[in-house]
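Residue numbers (numbering that gives the first Met the number 0), protein chains in the order written: chain A, 0 to 107; chain B, 0 to 522.
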Amino acid sequence: MTLLVAGGLGFLGLAALCLSLGRHHQALWPSPPTRPRVLGLRAAGWTLVALSLAAALHFDGGAFGPVHWLGSLIGAALLLVVTLSYRPRALVWMAALAVVVTFGAALA
Amino acid sequence: MKQGFRQSMAWLHTWSGLVVGWVLFAVFVTGTATYYRAEISRWMQPELHRQAAIGPEALAHAADLAVAHLEAHAGEARSWFIGLPTPERPLVELFWRTRPGTAPDHVLLDPRTGAPAAMRATKGGDLLYRFHFELHLPPLWGRWIVGICAMVMLVALVSGIVTHRRIFSDFFTLRRDKAAQRGWLDAHNVSGVLALPFHLMITYTGVVTLAIMYMPWGVTAAYKGDQFAYFAETGQITKARPAAGQPGTLAPVGPMVARALATIPEPLERLVVSNPRDANSTVVAVFEEPHGLSHEHPQVAFAGTSGTIVEVLSGGLRPAAKTFTTMVGLHEAHFAGPALRVLFFLCGLMGCAMVGSGLVLWTVARLPKAGTATGFGWRLVHTLNIGTIAGLPGGIAAYLIANRLLPADLAGRSEREVQAFFGVWILVAAAGAAANAWLAPRQAWRGALAAVAGLFAAAVLADLVLARALWDDPAWFLGFDAVLLAVAAGFALISRKVDRFRAPGRARREAAAAVGTPRMERA
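As structure tokens, then:
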């Protein structure tokens with residue numbers, strides 16, 4: 000459960016961070032990101048990654064929390080990188096799915 | 000100065016990584032497989048039928064039968080190890096060593112009758128587990144080699160971080176449309192950087208698990224070299240009880256098992272009996288680890304002749320010992336449930352990918368110019384790369400195939416399986432070396448990887464044809480076979496990619512422009 004919440008938040012955060020980079024932004028949109036957009040995506044990205052750590056600590060405490068957080072973050076990053084290099088457009092529905100999974104697992 | 004520092008770190012990274020890369024690849028592959036050691040062992044003994052639960056009386060009875068067997072067959076041994084049955088593995092597993100330096104004797108018993116279990120002899124997942132830190136060498140040699148390689152790995156990791164100048168902007172980048180070298184570099188960077196916390200943790204804690212061996216001086220000074228005294232004083236094992244030198248009779252262990260189970264609420268894992276025929280014999284009941292990061296087995300020690308409790312160890316470690324056991328626990332990840340275990344496994348695979356892509360990158364970056372012959376050094380590295388990266392997985396597949404093909408009652412059966420493991424490994428490596436003479440490097444890779452994919456598929460086929468009648472839980476075995484098929488598909492996919500990859504743009508034009516270069520054209 001923690002893995003899904005932390006992993007979902009981590010996936011969204013890393014996706015935002017990655018889209019703030021010109022190369023990956025252009026995989027989804029025609030133009031490079033504007034300066035405000037870069038800052039907005041980075042702020043959102045780091046906030047979501049921090050939230051995923053907070054969620055892991057909240058659910059599992061100081062011993063297991065960081066282990067679960069890093070594990071789920073690495074898994075989310077791997078999924079993201081594979082998606083980006085093979086099916087970048089799939090990121091749109093995967094982000095939506097990540098939102099659903101995160102809330103679903105948090106409320107379950 | 001800055002430039003110079005980074006360049007020297009790049010040099011250090013390249014060469015430290017190359018020198019230990021082959022051993023590290025083997026350590027990463029076998030270590031990653033070891034996350035599923037129990038599952039591999041179960042797959043390799045399909046005769047085993049799991050049970051619902053094993054009550055305290057059944058455990059006590061099994062322990063009595065084990066001791067009866069050992070008294071009849073191992074009376075001279077100085078210590079007995081009795082693995083007790085669990086629902087997952089309802090067997091009594093006995094080890095004993097009569098003289099120091101000799102291989103221990105080993106037998107599996109049926110926990111209800113005490114008769115030897117009718118089961119194919121195999122080392123199961125233990126072969127890969129021990130290979131992970133001993134390389135199938137004499138333990139001292141293997142552990143030192145693996146330890147030194149792990150220490151160099153830490154050097155390679157840190158120098159790699161310094162060398163990698165654009166960690167954030169390349170964090171998510173896996174370019175597949177550029178030259179081969181760019182693609183390999185991206186794969187190396189991504190597998191290294193994404194799982195960097197895992198790589199640092201697993202390498203550091205791996206060295207720490209054997210730190211007392213690598214750095215014995217503290218124990219030498221404070222305990223006169225007696226490691227067991229150190230472990231006992233820090234509360235990790237029960238205190239040693241030296242032999243009295245007078246004969247004694249071991250009291251029945253069944254009641255000891257019952258009292259141990261009443262003392263500690265965890266599942267009982269094994270009994271260790273020291274000096275069983277001495278007046279000062281000791282029986283230690285060792286329990287499974289309670290849920291937590293730390294690797295701590297609760298233990299209850301009994302005086303063997305009277306059956307009275309002499310020591311109970313359960314938690315309460317001091318900070319230094321707790322730090323050590325937590326690092327060991329993180330390395331072994333026994334605490335991980337199914338989902339976290341999958342993540343650890345994926346991280347391990349990324350470690351294999353990092354080491355493997357680094358090794359390949361060394362040769363790709365030094366591919367000889369069109370028309371020139373390869374040097375001896377390049378051919379050596381290329382040959383060792385194929386021999387390790389394709390050879391070891393091929394050996395593992397052959398080990399699984401041998402497990403299904405060899406007759407169950409063959410003498411020395413488990414050693415034959417190990418011979419199949421090393422035989423096929425050496426065969427793939429030798430074929431890779433021989434292929435240098437008439438095949439381009441790309442074709443050698445393609446053939447070797449396709450052969451590995453075929454071997455894993457053959458292991459599934461052998462299981463379906465020869466062992467299906469024995470399965471106690473078809474869904475579980477089909478799941479394991481599905482994972483083997485996924486591994487086969489992975490190797491087939493890489494083989495295909497290696498084959499179909501055409502260096503785009505400039506590199507291809509250069510290759511086409513070069514005249515009289517049969518090797519490169521075929522490549």
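Glycine included, every Cβ here is placed at the ideal spot set by N, Cα and C.
Since the model is a prediction, treat every value here as computed from it, not as a measurement.
For the ligand PLP, any of its heavy atoms closer than 6 Å to the Cβ of residue i?
i: Thr46(A); result: The ligand PLP is absent from the structure shown, which contains no ligand whatsoever.
Bridge partners for residue i per DSSP, in chain order?
i: His105(B); result: Phe94(B)
i: Ala300(B); result: Val283(B), Glu310(B)
i: Pro115(B); result: Leu108(B)
i: Ile81(B); result: Leu93(B), Leu270(B)
i: Asp277(B); result: Pro246(B)
Please confirm whether residue i has its beta-carbon closer than 7 Å to some beta-carbon of chain B.
i: Ser51(A); result: no
i: Leu18(A); result: no
i: Val4(A); result: no
i: Gly39(A); result: no
i: Leu77(A); result: yes
i: Ser84(A); result: yes
In terms of alpha-carbon separation, which member of the options lies closest to residue i?
i: Asp498(B); options: Pro241(B), Pro440(B), Trp470(B); result: Pro440(B)
i: Ala25(B); options: Phe130(B), Thr325(B), Glu87(B); result: Phe130(B)
i: Leu78(B); options: Asn279(B), Leu469(B), Met353(B), Ala488(B); result: Looking at the sequence shown, residue 78(B) is not Leu but Ser. It is Asn279(B) whose Cα lies nearest to the Cα of Ser78(B).
i: Ala97(A); options: Val66(A), Leu38(A), Ser51(A), Phe63(A); result: Ser51(A)
i: Thr523(B); options: Val161(B), Ala352(B), Trp377(B), Lys368(B); result: It is not possible to answer for residue 523(B), since the shown part of chain B is limited to 0 through 522.
i: Gln6(B); options: Ala243(B), Gly370(B), Leu127(B), Gly159(B); result: Gly159(B)
i: Pro32(A); options: Asp59(A), Met0(A), Ser19(A); result: Ser19(A)
i: Arg234(B); options: Gly350(B), Phe323(B), Ala481(B), Leu399(B); result: Note that residue 234(B) is Gly in the sequence shown, not Arg. Residue Phe323(B) is the option with its Cα nearest to Gly234(B).
i: Leu184(B); options: Gly303(B), Gly355(B), Ala76(B); result: Gly355(B)
i: Gly54(B); options: Gly113(B), Ala257(B), Ala228(B); result: Ala257(B)
i: Leu345(B); options: Tyr35(B), Gly20(B), Ala401(B), Asp125(B); result: Tyr35(B)
i: Leu460(B); options: Ala429(B), Trp475(B), Ala396(B); result: Ala396(B)
i: Gly123(B); options: Arg445(B), Met214(B), Phe227(B), Ala37(B); result: Ala37(B)
i: Ala149(B); options: Val206(B), Leu249(B), Arg365(B), Thr13(B); result: Val206(B)
i: Leu8(A); options: Arg86(A), Ala75(A), Gln25(A); result: Ala75(A)
i: Thr162(B); options: Trp470(B), Glu75(B), His12(B); result: His12(B)
i: His187(B); options: Ala67(B), Gln298(B), Cys351(B); result: Cys351(B)
Which residues in chain A have a C-beta closer than 9 Å to the C-beta of residue i? List them in chain order.
i: Gly291(B); result: Ala62, Phe63
By the DSSP assignment, the alpha helix (DSSP H) with residue i in it spans what residues?
i: Ala338(B); result: 337-364
i: Trp470(B); result: First-last for Trp470(B): undefined, no H or E at that position.
i: Lys321(B); result: 318-331
i: Asn384(B); result: 375-388
i: Ser168(B); result: Premise fails: Ser168(B) is in no alpha helix (DSSP H) and is neither H nor E.
i: Glu75(B); result: Note, Glu75(B): premise wrong, no alpha helix (DSSP H); not H, not E.
i: Met152(B); result: 138-162
i: Met93(A); result: 90-106
i: Thr33(A); result: Counting along the chain, Thr33(A) falls outside any alpha helix (DSSP H), and DSSP gives it neither H nor E.
i: Gln442(B); result: 440-465
For chain A, find out if any of its Cβ atoms is closer than 7 Å to the Cβ of residue i; answer yes or no.
i: Arg175(B); result: yes
i: Pro110(B); result: no
i: Cys351(B); result: no
i: Thr13(B); result: no
i: Arg521(B); result: Bear in mind that the predicted position of Arg521(B) carries a pLDDT of just 34, short of 50, making it too unreliable to give a figure here.
i: Pro196(B); result: yes
i: Gly30(B); result: no
i: Leu492(B); result: no
i: Ala502(B); result: Reliability fails at Ala502(B), whose pLDDT of 46 lies under 50, so the model's placement of it is uncertain and the value that follows must be treated cautiously. Not one chain A Cβ lies under 7 Å of Ala502(B).
Residue i touches chain A at which residues, Cβ-Cβ below 7 Å?
i: Val189(B); result: Val80
i: Cys346(B); result: Ile73
i: Ser168(B); result: Leu20
Mind pulling the chain A residues with CB within less than 8 Å of residue i?
i: Leu339(B); result: Leu2, Val66, His67, Gly70
i: Leu342(B); result: Leu2, Gly70, Ser71, Ile73, Gly74
i: Leu193(B); result: Ile73, Ala76, Leu77, Val80
Starting from the beta carbon of residue i, find every residue of chain B whose beta carbon is closer than 9 Å, and list them in chain order.
i: His23(A); result: Phe171, Thr172
Please confirm if residue i has its CB atom under 7 Å from at least one CB of chain E.
i: Val106(B); result: The structure shown contains no chain E; its protein chains are A and B.
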